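Here the structure is laid out as structure tokens; the discussion comes afterwards.
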Amino acid sequence: MSIPITDNHIHVNPIGALGPVKTAMLFNRSGGTTMFVPNLPTWDLNPTEPNNHKKAMQITIKSVEKINNETPVQAFAILGIHPIAYDKMIKEGYSIKKAKKVMFENLELAKKYVLDKKAVAIGEIGRPHYPVNKEILDEHNKILEYALNLASDIDCPVQLHMEEANANTYNELYDLAKKTKISSYKIIKHYSNSEVLPSETHGITSSVNASKKLIKEVLEKTHSNNIKPTFLMETDYMDNPHYPGRVLGPRTVPRRTLDYIKKGLMSEEDAYIIHKENIEKIYDVDLTL
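First residue of the sequence shown? That's 105 in my numbering, and the numbers climb one at a time after it.
Listed below in structure tokens is the structure:
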């Protein structure tokens, strides 16, 4: 069996330490075949225009095209406006109304790019991973609901940036899925921990950080419950020269997958489901090896 290997959340940056092509080639030489690339926040991609969120999306579209044209890797763009952008605008003196308008406009732009086949999902969107006051959190939740409604309108997935998840988080997301009529499996909780059982996630998709410990744990949970893997794997690599290798390096997902197959912790069927079947179902794409 040929084994596809997908990193479900890996950033690229033309002004980073590696750049899009070198990042993709490191991934590929380690066995990787497919990358899903959410745009970094605009202040990382285009520091001279930190509020030009459209430019950040355009840079990522071009980076993905470059990967597809110049490497063996199949890459897909995921576009949106990071929740931290809202907090930055408030700190810069924007009114809540104006900041929310910027968020809505850029979410609508991301939706348009999906319709135009420039991206396959909206993301990463959501709410901050750090504590904020109730007023700010309420606004983030309104923005999140708006985004889910946009995605539901066109039946596209969303990748969510959120606080560290617990049972309440997945319950809340399930309720939002019902309210906005988006398929629960098309809500992808980026940077997930070990919540992968249907009883834990209510059908929300967990994109699991590909650390040795976490992947071993979610595989053991899957096998002990005699179910097929429902999760995805990711690195959240940022190509930030100030934080080399953060969060995990681009070689991690292929190396972890192949190592765990060799050790008998992951079967080839597990890998095929995680890296191809789940991906194709969620994103409605055809993966090539």
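By construction, the Cβ of each residue, glycine as well, lies at the ideal position given by its N, Cα and C atoms. Predicted model, so just to flag it, every value in this text is computed and none were measured.
Asked, Found
"Who are M139's beta bridge partners in DSSP?", "D111, A179"
"Can you give me the C-alpha to C-alpha distance between N125 and H306, rounded to a whole angstrom?", "What sits at residue 125 in the sequence shown is Val, not Asn. The alpha-carbon atoms of V125 and H306 are separated by roughly 37 Å."
"Go ahead and label D111 buried or exposed: buried means 16 or more other beta carbons lie within 10 angstroms of its beta carbon, across all protein chains shown.", "buried"
"Are there 16 or more other CB atoms within 10 angstroms of the CB of T339, so buried, or fewer, so exposed?", "buried"
"Return no unless some Cβ of chain C is closer than 8 Å to the Cβ of D374.", "No chain C appears in the structure shown, which is made up of a single protein chain."
"Nearest CA to the CA of I119: which residue from D374, T137, M342?", "M342"
"Can you grab the Cα-Cα spacing for the pair G135 / N156, in whole Å?", "35 Å"
"Using the DSSP secondary-structure output, state which residues sit across from H265 in a beta bridge.", "G230"
"Give the secondary structure of T309 by DSSP, where H, G and I count as helix, E and B as strand, and everything else as coil.", "strand"
"Output the distance between the C-alpha atoms of R350 and H233, rounded to the nearest integer angstrom.", "16 Å"
"Straight-line CA distance for Y295 to K192?", "22 Å"
"Which runs of the alpha helix (DSSP H), 4 residues or longer, sit entirely within the stretch 323-368?", "356-366"
"Short of 7 Å in beta carbon distance, which residues of its chain neighbour L362, apart from the five on each side in sequence? Order them along the chain.", "G135"
"Would D242 be called buried (16 or more neighbouring beta carbons within 10 Å of its own) or exposed?", "exposed"
"Could you tell me which uninterrupted beta strand (DSSP E) segments, each at least 3 residues in length, are contained entirely in the stretch 178-259, listed from first to last along the chain?", "178-183, 225-230"
"Which partner residues of S296 appear in the DSSP bridge assignment?", "V312"
"Ordered along the chain, which non-local residues of its own chain (more than five positions away) have a Cβ less than 8 Å from that of F131?", "D111, I114, M139, V177, P354, R355, V357, P358"
"For the stretch 204-212 and the stretch 278-297, state whether three or more C-beta atom pairs, one from each stretch, are separated by less than 8 Å.", "no"
"From M129 to A223, what does the alpha carbon distance come to, in whole angstroms?", "21 Å"
"Is K367 near the ligand GDP, with its Cβ less than 7 Å from a heavy atom?", "This structure simply doesn't include the ligand GDP, nor any ligand for that matter."
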